[in-house]
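Quick note on numbering: the sequence shown equals residues 47 to 124 in the working numbering.
Even glycine gets a Cβ: it sits at the ideal position worked out from N, Cα and C.
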Amino acid sequence: MATLSIRKLDDRLYERLGLRAKSNNRSLEAEVRDILEGALPAHDSLISDLRNYHAKMRALHKELPDSTPLIRAIRDEE
47 MATLSIRKLD DRLYERLGLR AKSNNRSLEA EVRDILEGAL PAHDSLISDL RNYHAKMRAL
107 HKELPDSTPL IRAIRDEE
């Protein structure tokens with residue numbers, strides 16, 4: 047496992063992290079790890095969310111015309 051060091055962390059922030067860790071019955075390290083894990087969605091979850099969003103957008107805009115001819119026309123003008 048990797049190790050992360052954070053420099054120039056504000057003392058008040060460090061204190062607040064310590065208080066939060068204590069209130070959750072965790073070490074400071076475990077608390078920071080939990081915060082980081084919560085801040086970054088799991089890769090599989092993110093992919094799934096994007097696929098769902100894409101499917102919803104396609105369902106909403108299924109009547110849009112094919113943009114290929116327009117793209118080709120613009121490209122040919124250049």
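State the Cα-Cα distance for the pair residue i and residue j, rounded to the nearest angstrom.
i: ASP57; j: SER69; result: 18 Å
i: LEU110; j: TYR99; result: 17 Å
i: ASP112; j: SER94; result: 26 Å
i: ASP80; j: LEU106; result: 37 Å
i: ASP85; j: GLU75; result: Correcting the residue type first, residue 85 is Ala in the shown sequence and not Asp. Cα to Cα, the separation comes out at about 15 Å.
i: LEU55; j: SER73; result: 17 Å
For residue i and residue j, which I take to be in contact (beta-carbon distance under 8 Å), what is that distance rounded to the nearest angstrom?
i: ARG62; j: GLU77; result: Actually they do not touch by this definition, with Cβ atoms about 10 Å apart.
Any idea what DSSP makes of residue i, helix, strand or coil?
i: SER73; result: coil
i: ARG138; result: Nothing can be reported for residue 138: it is not among the residues displayed for the chain, which extend from 47 to 124.
i: ALA48; result: coil
Answer yes or no: the CB of residue i versus the heavy atoms of the ligand GDP, is any distance below 7 Å?
i: ARG53; result: Of ligands this structure carries none, so the ligand GDP is not represented either.
Just to confirm the assignment: which complete alpha helix (DSSP H) runs, minimum length 4, are found wholly within the segment 85 to 118? 89 to 106
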